[in-house]
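Quick note: the sequence shown uses this note's numbering, first residue 9, plus one each step. For glycine and all other residues, C-beta sits at the position ideal for the given N, C-alpha and C. Some notes on the structure that comes next.
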Amino acid sequence: MEVRLILGDQLNINHSWFTDVNNEVCYVMFEMRQETDYVRHHIQKVVGFFAAMRHFARQLEKDGHTVIYYTIDDPNNLQNLSENIKKLITLVSATSFAYQLPDEYRLDQQLKSITAALTIPTTAVDTEHFLTTRTELTEFYEGKKSLVMEFFYRYMRKKHDYLMVNGQPEGGSWNYDKFNRNTWKGGTIPPPYKPNNDLVNQIYTQLQNLDLDTIGTYNKDAFLFAITRDESLAQLDYFCAHLLQDFGTYQDAMHQDETNLFHARISFSLNTKLIDPAEVIERAIDAYRADKEKISLAQIEGFVRQILGWREYIRGLYWKEMPQYKQKNELNNHGKLPAFYWTAATKMNCLKTSIQNSLDNSYAHHIQRLMITGNFALLLQTNPDEVDAWYLGIYADAVEWVQLPNTRGMSQFADGGILATKPYVSSGAYVNKMSNYCGNCSYDKKKRIGQDACPFNSLYWNFLDDKKEELRSNNRMGMMYNLLGKIKPEELANIKERAYKIMENPDAF
Ligand SMILES: Cc1cc2nc3c(=O)[nH]c(=O)nc-3n(C[C@H](O)[C@H](O)[C@H](O)COP(=O)(O)OP(=O)(O)OC[C@H]3O[C@@H](n4cnc5c(N)ncnc54)[C@H](O)[C@@H]3O)c2cc1C
Ligand code: SF4
């Protein structure tokens with residue numbers, strides 16, 4: 009008998025493991041305290057993962073496979089991967105053990121040490137999910153000075169022949185971002201797809217009997233993560249039919265009353281591998297080809313870039329840079345994350361709205377993550393470890409391989425510019441340009457000093473001033489440092505005084 013492990017984010021039913029039913033194979037799946045407790049997760053994230061895993065196990069059994077599944081409250085469950093594997097190997101008298109390569113370094117290391125200690129033969133196989141191998145990005149950038157994503161994206165477009173015509177990018181351009189920077193001025197947005205999920209309520213109730221320390225709230229109506237493959241595909245098709253046509257245009261927009269705008273909400277399904285990136289891209293391209301009047305090239309290209317470009321790039325970078333990447337703090341930031349990141353109790357409307365969304369839905373779209381919560385944490389000069397732990401816990405789609413480079417690299421510039429060419433920081437002016445938050449805020453978006461001055465403003469100029477050593481030589485920061493140089497010394501002193509007041513006690517703002 010071979011024991012084959014399936015981790016909670018390895019729910020790929022099209023994996024070659026499952027092509028044939030083999031009575032000599034026993035699949036094992038575990039809900040474990042090891043996984044619920046290594047960081048404080050959002051309740052919807054835990055419910056979502058367990059529900060998706062249970063459905064997956066049921067599907068395998070329905071298809072005729074043998075499955076041993078430990079729920080979180082199963083008395084047989086030893087709550088730790090090593091212990092459970094050892095127990096199962098003895099229980100079924102296994103003669104071999106196999107696993108799919110984990111996407112997280114932490115689990116990769118753990119499985120290496122588990123298998124090293126086993127006395128039976130072991131095999132590690134690919135998850136058959138990504139469009140690149142673990143090392144493909146490393147090989148691609150070998151000998152190159154900069155890791156700019158755009159070059160990798162072009163390589164991927166050519167390699168996979170997506171949106172290509174005779175070896176050239178469709179429409180003559182690789183990137184249509186210049187059409188994709190609009191703000192949302194209001195109007196009708198199709199409601200988000202509501203998956204038909206069972207099990208989630210039952211699991212939520214079951215979890216109430218455990219002493220799990222979680223973030224946020226659970227409400228069946230607000231739970232929008234698809235936990236089966238069929239529902240994930242239905243959510244994707246809904247996106248292609250109703251939202252893709254405006255995806256790119258409003259990709260960077262933020263709005264007080266719109267949590268989802270035209271975003272796909274598919275990251276949970278993708279990261280648990282219920283659906284795979286190739287089918288997501290191909291279904292979206294099919295929708296574009298079927299109705300080019302409705303879905304423009306700028307929309308489809310913007311979407312394909314997220315999956316084929318950013319998602320694969322982030323994964324490759326993670327494997328290129330780990331484990332050192334997790335320790336990086338090139339801007340020497342050591343502050344604490346404000347308590348309001350767990351309560352939304354702040355008068356700053358942009359933060360209040362984005363954090364409340366996250367607490368209610370275990371979701372925020374990219375620009376809220378990058379330019380509101382991430383931006384503010386960086387301006388406060390927060391320790392990236394704290395920022396990572398928050399992002400890893402609060403979002404249902406957060407698995408370390410994708411969360412870490414996005415947070416530590418893209419959002420906190422803690423890698424010193426491996427991923428981003430400059431820090432994503434802004435004053436209130438950017439927030440006001442891309443959203444309607446400022447109109448509903450207690451603070452004045454234009455003021456830099458004074459009781460009612462927008463905290464982003466003083467923090468922004470103070471950040472540039474504090475980080476001169478690290479950032480002034482960055483070409484892309486030249487204009488910002490010119491503007492900083494034009495602020496009179498007495499005014500800068502007042503700005504810095506206000507900034508330090510905010511940094512000392514951000515929860516008072
Ligand atoms: C600080 C920070 C932390 C983040 N943490 C995560 C995370 O833990 N897990 C995660 O999946 N994404 C993360 N992202 C990327 C992005 O915000 C989410 O993928 C996206 O918001 C998911 O929602 P959606 O499915 O509606 O995406 P859409 O906006 O509809 O985009 C479609 C898909 O593109 C992919 N994508 C887009 N941008 C990225 C990106 N930068 N990196 C990787 N994939 C991308 C995702 O798979 C996403 O589902 C993070 C971004 C930032 C700035
Ligand atoms: S005024 Fe400042 S704090 Fe208020 S919403 Fe705008 S950017 Fe945020």
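Inset, instruction - Give the DSSP bridge partners of Thr74, in chain order. - result: Cys34
Legend entry - Where the beta strand (DSSP E) through Tyr46 begins and ends: Taken as a continuous stretch (DSSP letters only), Tyr46 belongs to no beta strand (DSSP E), as it is neither H nor E.
Inset, instruction - Return yes when the C-beta of Val410 is under 7 Å from any heavy atom of ligand 1, and no when it is not. - result: yes
Inset, instruction - Give, in chain order, every unbroken run of the beta strand (DSSP E) that is at least 3 residues long and sits entirely within the region 101-128. - result: 104-108
Legend entry - Closest by C-alpha distance to Leu68, when choosing among Leu139, Leu19, Lys344 and Lys475: Leu19
Inset, instruction - Could you work out which residue in Phe148, Arg41 and Gln108 is closest to Glu320 when comparing CA atoms only? - result: Phe148
Legend entry - Spatial distance of Arg377 from Thr267 (CA atoms): 12 Å
Inset, instruction - Would you give the residue range spanned by the beta strand (DSSP E) that Glu266 belongs to? - result: Careful: Glu266 lies outside any beta strand (DSSP E) and carries neither H nor E.
Inset, instruction - Give a yes or no on whether the C-beta atoms belonging to Leu387 and Tyr468 are separated by under 8 Å. - result: yes
Inset, instruction - Count the CB pairs spanning the region 231-248 and the region 355-365 that are closer than 8 Å, and state whether there are at least three. - result: no
Inset, instruction - Could you please give me the residues that DSSP links to Asp452 through a beta bridge? - result: Ala461
Legend entry - In chain order, each alpha helix (DSSP H) run of at least 4 residues that lies wholly inside the region 285-359: 285-298, 305-312 and 320-329
Legend entry - Helix, strand or coil at Glu150 according to DSSP, with G and I counted as helix: coil
Legend entry - Lys430 versus Phe421, Gly436, Tyr438 and Ala437, residue with shortest Cα-Cα distance: Phe421
Legend entry - Alpha carbon of Ala286 to alpha carbon of Asn341, nearest angstrom: 39 Å
Inset, instruction - List the whole-angstrom C-beta distance separating Val410 from Asn205, where the pair is believed to meet the contact cut-off of C-beta under 8 Å. - result: Contact doesn't hold; Cβ gap of about 23 Å is too wide.
Inset, instruction - Quick one: using the 10 Å Cβ neighbour count with 16 as the cut-off for buried, is Asp219 buried or exposed? - result: exposed
Legend entry - Range of the contiguous alpha helix (DSSP H) that encloses Ala249: Arg237 to His250
Inset, instruction - Check whether the Cβ atoms of Leu109 and Thr130 sit closer than 8 Å, and answer yes or no. - result: no
Legend entry - Heavy atom of ligand 1 within 7 Å of Gln314 beta-carbon: yes
Legend entry - beta-carbon Val439 near ligand 2 non-hydrogen atom, thresh 7 Å: yes
Legend entry - Rounded separation between Ser104 and Tyr35 - CA only: 12 Å
Legend entry - Leu387 beta carbon near ligand 1 (any heavy atom closer than 7 Å): no
Inset, instruction - Could you tell me if the beta carbon of Phe520 falls within a distance shorter than 7 Å of some heavy atom in ligand 2? - result: For residue 520 there is no data in the structure shown, the boundaries of the chain being 9 and 517.
Legend entry - Residues that DSSP places opposite Leu155 in a beta bridge: Leu155 is not bridged to any residue.
Legend entry - the region 33-48 / the region 85-104 touching (three or more Cβ pairs under 8 Å): yes
Inset, instruction - Might you give, ordered along the chain, the residues of its own chain that have their beta carbon closer than 6 Å to the beta carbon of Arg456, omitting 5 neighbours on each side? - result: Asn465, Ser466 and Ile503
Inset, instruction - Return yes when the Cβ of Cys462 is within less than 8 Å of the Cβ of Gly436, no when it is not. - result: yes
Legend entry - 4 or more residues per run - each alpha helix (DSSP H) lying fully within the region 385-436: 392-402 and 408-412
Inset, instruction - Whole angstroms is fine: what's the gap from Lys167's alpha carbon to Asn365's? - result: 38 Å
Legend entry - Start-to-end residues for the beta strand (DSSP E) that takes in Ala132: Thr130 to Val133
Legend entry - Assigned secondary structure, Met485 (DSSP; H/G/I helix, E/B strand, else coil): helix
Inset, instruction - Whole angstroms is fine: what's the gap from Glu408's alpha carbon to Tyr371's? - result: 16 Å
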